[in-house]
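Undergrad: Before I ask anything, here is the structure I am working with.
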Amino acid sequence: MPARSGKDYLDRLRAQDTEVWLRGERVRDVTSHPGLSGGARAIASLYDQQMDPALHDSMTYVSPATGDRLGLSFIIPRTQQDLENRRVMMLNWARTTCGMMGRSPDFMNVTYAAWAGAADYFGQGRPDYAENMRRYYAYISENDLVLTHALINLQRSRTVDGAFNLQEGTALQVVKETSAGLVVRGARVLATLGPLSDEIAVYSPRLGQHTEAHSPFALSFAIPSATPGLRFLCRDSFDYGKSHFDHPLGSRFEEMDSIVFFDDVVVPWDRVFIYGSVDLLNNTAYKTFSSAHTSHQGAAKNLAKCELVLGVALLMTETLGNAHLPHSQERIGELMMYTELMRACIRASEADARLNEYGVMCPAPLPAETTRNLFMTAYPRMAEILQLLGSSSLMILPTEADMDAPLAGHISQYLATDSSDARSRIKLFHLAWDIACSSFGQRQVLYERFFASDPLTRARALAAIFPKQEITDRVLAFLNQEDGPS
Ligand SMILES: Cc1cc2nc3c(=O)[nH]c(=O)nc-3n(C[C@H](O)[C@H](O)[C@H](O)COP(=O)(O)OP(=O)(O)OC[C@H]3O[C@@H](n4cnc5c(N)ncnc54)[C@H](O)[C@@H]3O)c2cc1C
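The sequence shown maps to residues 2 to 487 in our numbering.
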């Protein structure tokens, strides 16, 4: 089947019976629920781009297996050109959502493309698992499915032993093996896009050596989100049903985060990719380079976010008439630096891309991973800069309803600036507020701080791939120079 349209996506979502809970109620149709429908429509609009004649060729590629045109983020890159083409496609999606849907489907698509390209990795000791991976990748790419993922076990305590979050009764684990498959029980967080997904992938960041040989916690699998026993519990929605004028981002891009409960869920054997092997699980991201691929995807999202914040900041200072003031210029300069750093890291990760041992062209890990670490502190700072630039204007925010109400005349007289009419000013500052101040905006800050793990884990991940020796050798060579006349 070729790449699908937004309607195809929504129809399938409507037809499946995923168990989603929000505000104490079972959601029967996520595509029409007020807290979720905005996000569903946004994802649908991404799929519609694939059908747009002007974009079709740049958003899709010809599958070597079927000859159909599939979504380009599913491509297994073989050349640097493939990576560049894929980035153009992902940046199109990211710009459409202003970078506010970090878990747009390309995130998981590039993950499974990397894994399918390296399918033999999963077949070590279990050749059938390599076949499972190949078949599953063909299934999701040819049906253009949306995946969510949940990697983190909930923690009852933060003891040293709890570092790998493996408390009995909480962590997701295999409780039984049957002829139909593995039976798993436990809970996982944080399935962003969970209620809007077709499938859920479960794997894990690094895992403790629970037992040397075999761990019931060492798992990588994927199943339909509508599998019996699977329950998605949403946080409250940040889409408050307001207009795009009043709530420009939250009314459009609510991707929703959810806790997932697995109540004795059956995972069919053909959906198992890793079971029992702690080493295989721990090394997946680096051996298959899936981490570099998801960083490449994340960097496109970061760039779209940088562009949005910088664009808003420029317009804010223009509107308020303070663009010429030194403190504004310094802050704008900082935003420009983040934007250019992001663009440069993307280019570097593509320019220095290499084939891995499985013949997959992979973005250079160091510049790609750097974009993740950088954004953990850069994005909160970017939101802070909007607050500093905006000050009380971020609270001078009459609603759309006020624009035609009795005080409309006062609004247009007093809220206009030398360079902007009142309506344009208010509209712009609603956007700045939604980036820097609203619940939606603060969730974005939290997302960038933590979505790719906690800061210490990220720092260690970067240190693990950084060529430290090269740097220290240079310093030692300097120190060991013969002292001579100055
Ligand atoms: C908005 C959002 C969306 C997300 N989406 C997804 C998703 O789609 N899929 C998914 O799988 N995950 C997702 N995540 C989860 C993310 O992977 C985790 O938040 C991340 O791995 C950190 O884990 P944690 O939240 O359990 O933090 P914790 O481990 O609870 O850490 C909290 C803080 O305590 C610090 N800390 C932890 N242990 C110690 C210690 N022993 N000593 C001192 N300090 C410590 C950490 O550095 C951190 O600052 C999302 C997170 C957010 C915020």
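Heads up, the beta-carbon is just placed ideally off N, CA and C, and yes, glycines get one too. Remember, predicted model here, so these are calculated numbers, not experimental data.
With three or more C-beta pairs closer than 8 Å as the rule, is the region 67-79 touching the region 95-114?
TA: A contact exists between the region 95-114 and the region 67-79.
Undergrad: Could you tell me the alpha carbon to alpha carbon distance between L47 and S6, rounded to whole angstroms?
TA: The alpha-carbon atoms of L47 and S6 are separated by roughly 8 Å.
Undergrad: Helix, strand or coil for R207 per DSSP?
TA: Coil at R207, not helix or strand.
Undergrad: Roughly how many angstroms lie between the CA atoms of T179 and V267, to the nearest whole one?
TA: Cα to Cα, T179 sits roughly 9 Å from V267.
Undergrad: Do L183 and L282 have their C-beta atoms within less than 9 Å of each other?
TA: In this structure, L282 does not lie closer than 9 Å to L183 by Cβ.
Undergrad: Between N166 and the rest of its own chain, which residues show a CB-CB distance below 8 Å, the 5 nearest in sequence each way excluded?
TA: If we look at N166 and ignore the five residues flanking it on each side, its Cβ neighbours are I153, N154, L155, Q156 and A172.
Undergrad: How about L447: is its Cβ closer than 8 Å to a heavy atom in ligand 1?
TA: True, at least one ligand heavy atom lies under 8 Å from that Cβ.
Undergrad: To the nearest angstrom, report how far apart D455 and V175 are at their CA atoms.
TA: For D455 and V175, the distance between alpha carbons rounds to 26 Å.
Undergrad: Tell whether a beta-carbon distance below 9 Å holds between V273 and A119.
TA: In this structure, A119 does not lie closer than 9 Å to V273 by Cβ.
Undergrad: Is the CB of I76 under 9 Å away from at least one CB in chain D?
TA: Among the chains in the structure shown there is no chain D, since it carries only a single protein chain.
Undergrad: What three-state label does DSSP hand P3 in the structure shown?
TA: Coil at P3, not helix or strand.
Undergrad: Tell me, please, whether the region 247-255 touches the region 89-104 by the rule of three or more beta-carbon pairs shorter than 8 Å.
TA: Yes: the two stretches touch, three or more of their Cβ pairs being nearer than 8 Å.
Undergrad: Between L23 and ligand 2, is the CB less than 8 Å from at least one heavy atom?
TA: As far as ligands go, the structure on display features ligand 1 and does not contain ligand 2.
Undergrad: Taking all protein chains shown into account, decide if I472 is buried (16 or more other Cβ within 10 angstroms of its Cβ) or exposed.
TA: Result: exposed.
Undergrad: Which residue wins for smallest C-alpha separation from A379, given the options S292, M396, A300 and Y287?
TA: Ranking S292, M396, A300 and Y287 by Cα distance to A379 puts A300 first.
Undergrad: To the nearest angstrom, how far is the alpha carbon of T32 from that of S393?
TA: Their backbone Cα atoms lie some 37 Å apart in a straight line.
Undergrad: Indicate the three-state DSSP secondary structure (helix, strand or coil) for M168 in the structure shown.
TA: According to the sequence displayed, residue 168 carries Gln and not Met. Reduced to three states, the DSSP call for Q168 is coil.
Undergrad: Whole alpha helix (DSSP H) runs in the region 211-255 with 4 or more residues, listed along the chain?
TA: Fully enclosed alpha helix (DSSP H) runs of 4 or longer: not present.
Undergrad: For P196, count the other beta carbons within 10 Å of its own beta carbon; 16 or more makes it buried, fewer makes it exposed. Which is it?
TA: Answer is buried; the Cβ neighbour count reaches 16.
Undergrad: Which value, in whole angstroms, describes the spacing of the CA atoms of E20 and D30?
TA: Computed Cα separation, rounded: 10 Å.
Undergrad: So what does DSSP say about D53, is it helix, strand or coil?
TA: D53 falls in the coil class under three-state DSSP.
Undergrad: Which residue or residues does DSSP assign as beta-bridge partners of R189?
TA: Bridge partners of R189: N154 and V261.
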